[in-house]
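A short worksheet on the structure shown next.
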Ligand code: GLC
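In the numbering used here, the protein residues as written are 80 to 879.
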């Protein structure tokens, strides 16, 4: 049985370790403090799998189009697609993953890798290895199960798969209704159970609910003749039983039921006999296609009944990710930093956030207007065309008046229209960053439709977003917060369109200033002047009205209340109102230093900087749902990783290399994972939040995978700590590192060339570059002017 032997175990705890190359996390026991999952996706078909074998699968959208049933339960982790092994002689059975039977295995590991997961376990001297992955060019998942007989007798075994169909909107809230529309059909020639659904809870073309076919076809197949099959849940589980001890496993045979009259499930039963020492592999597939692609599904089913094709597809999947994640590649004195930056943050952002758009803690499914735009920045140094696609996709979800869907679902193209005040601004923001990476100004001329109007240039889409926000100002010159800004949970402050957002002011100021340059370049002189004037006025207003003495206020409410002031007893100081004043240069040097000192004094704690402090202790409709979380939980005074990454960035801008690195070190999930019984979460991905000091669980992480912090932490590590970032004029090299770092390296693509950069720090400084040697030529400036000749360039940077 193929087993990777890891000579060195990195960051080992009692629950597991990273493989030597950092590309796998090996979980060594099934009872981790929370489900530790992998989110596999090829951008079309996706699944979540936990270390016990729990999880679910979906096609294109986890919310509208779940293939298997799903119920979020982080304590039980009891919903999944399962495989049972049954000894036909003894009648005893167990499961390939720890769930659902939960026998104590003789050995157990779950290896989460990039694009695959492998669960190995050993029970009654039968070793099983389950490899789960999604081939790149299909919409199906493969379960390759290898069984090996370690006993000294011939073993007559059976394998039973089991899953419950959802085939549509999830979570399933009315099973009794929906089950009547699902039908299954066994196809003996293909060893396949087909599943169809005659109803989909997505509006039809006339806008009517509950009168539309589920436009897909699902299948579950195995690569050897089945001994029996099952399409009915009651027949499989037995009355009042569960997946833990199903009737079918007691009987050892299924009832061969399919059709329209069941609570539809799928189970395929195959027999496997193994001599001592013998091993055999069996392949199961599960997938879905559009109805018109039935033939394609048949081809795939046949193709993946062959072991060699499966092995090839797995290699292709691994190679795909290997290539995608090749650059940027860093080598620093901090191994955790390298593992995160080179591998897992990119993987989390791409597989989890952009493609799967779901994880265990949040099912998502939709595209958040601000969320996936921010996430798509992960592609800037990898393949900026992907960022471009994302920008154009989001522009298509804007209304002609500049406003946007807060989020929208693909497949149904529906989403909420809110008065969230910042969503629309992320469009010009990400466009600006795309331009800095590529100087591809042609993107501004791309024609994209509005939701409610004919096509228009992306440039005009951006201007409409900005112009819309410019109309939403308070009489004293600050932008209105509406139903919340980046902080969704502040959705009660400004519903009457009176409350103001200081953070939004900082954010808008930066966009106005930078976009004015683009506007100028476009020859749109009046608009450029207007943006510059408005920017200057805004900066003045913020500094006159929103400086609280030692930090910036966060917001005001419709009722005139102020958030984020020393005069308040709760929520005295907010992180974003300080960090973005620095990031976008709203604060002068003195205020920037003061604001960040306040952050360090009040907000920065054992596990990094809190979103604000102290937490709210009472619900308050005039603040929003943020005040409804328990104190210290998520955005209510917890550490919100997404926002915490901006604090690292602000520290770097101020040149405080030790503080920046310290913050990073404190929140780095690999470091946090060294104390797993406090932290709870997967060590290989960022958590959305960590509970704050006002919670009895201070330090406990949650909401892993589905968080915008992955792409941001990546960007902050690469562009701000390592300091290698794009500008219009070239690649700037401006590290802000801890003094003890003697050197680091980075390989990065930039405008068609490859740069191999080595930075040395002989004088142990935090910041400052004295010399750059590019391909043997020395220069004083720390800007690499692009060659654009498609070659590899060596850059040696001397700090001092
Ligand atoms: C959630 C939302 C994101 C928002 C953040 C802070 O992560 O998806 O859009 O900015 O919370 O409230």
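C-beta atoms are modelled at their ideal positions from N, C-alpha and C, and glycine is treated no differently.
query	result
Residues in the same chain with beta-carbon distance under 7 Å from residue 80, minus the five sequence neighbours each way, listed in chain order, please.	Its pLDDT being 49, under 50, residue 80 is placed unreliably by the model, and nothing is read from it.
When you compare each of 666, 720, 246 to residue 623 by their alpha carbons, which one comes out closest?	666
Near the ligand GLC, which residues have their beta-carbon closer than 7 Å to a heavy atom?	447, 449, 450, 565, 566, 567, 568, 714, 719, 721, 767, 786, 787
What residue range is occupied by the uninterrupted alpha helix (DSSP H) comprising residue 524?	Careful: residue 524 lies outside any alpha helix (DSSP H) and carries neither H nor E.
Leaving out five residues before and five after residue 696 in sequence, what residues of the same chain have Cβ atoms less than 7 Å from its Cβ?	649, 710
Please report the straight-line C-alpha distance between residue 609 and residue 536, rounded to a whole angstrom.	20 Å
Tell me, please, whether the region 85-96 touches the region 155-167 by the rule of three or more beta-carbon pairs shorter than 8 Å.	no
Would you mind working out which of 302, 173, 322 sits nearest residue 182, comparing C-alpha positions?	173
Can you give me the start and stop residues for the beta strand (DSSP E) that residue 827 sits inside?	822-829
Could you tell me which residues DSSP puts in a beta bridge with residue 264?	273
For the beta strand (DSSP E) holding residue 29, just list the boundary residues, first then last.	Shown here, the chain extends from 80 to 879; a query on residue 29 therefore has no answer.
Just mark residue 495 as buried or exposed, buried being the case when its beta carbon has 16 or more other beta carbons within 10 Å.	exposed
Identify every residue that forms a DSSP beta bridge with residue 199.	188, 208
Which of helix, strand or coil does DSSP assign to residue 880?	Any answer about residue 880 is impossible in this case: the structure gives the chain only from 80 up to 879.
Quick one: what does DSSP say residue 843 is sitting in, helix, strand or coil?	coil
Can you say whether residue 288 is buried or exposed, counting buried as having 16 or more other CB atoms within 10 angstroms of its CB?	exposed
Identify which residue in 348, 573, 471 has its Cα closest to the Cα of residue 335.	348
Taking only the alpha-carbon atoms, compute the straight-line gap between residue 725 and residue 659 and give it to the nearest angstrom.	8 Å
Tell me, please, which residues DSSP counts as bridged to residue 96.	105
Please name the residue, chosen from 193, 560, 721, that lies closest to residue 98 on a Cα-to-Cα basis.	193
Closest by CA to residue 316, which one among 161, 413, 255?	161
What is the DSSP secondary structure of residue 760, reduced to helix, strand or coil?	coil
Run through the DSSP bridge pairs and tell me what residue 369 is partnered with.	295
How big is the Cα-Cα spacing for residue 762 and residue 264?	42 Å
Looking at the secondary structure, which residues open and close the alpha helix (DSSP H) in which residue 460 lies?	Note, residue 460: premise wrong, no alpha helix (DSSP H); not H, not E.
Have a look at 331, 313, 247, 278 and flag the residue whose alpha-carbon is nearest the alpha-carbon of residue 166.	331
Assuming residue 580 contacts residue 500 (C-beta within less than 8 Å), just tell me the rounded distance between them.	6 Å
What number of angstroms, rounded off, separates the C-alpha of residue 105 from the C-alpha of residue 396?	19 Å
Write down every uninterrupted run of the beta strand (DSSP E) in the region 428-488 whose length is 3 residues or greater and which is fully enclosed by it, in chain order.	none
Along the chain, where does the beta strand (DSSP E) that runs through residue 348 open and close?	343-353
From what residue to what residue does the alpha helix (DSSP H) around residue 510 run?	505-517
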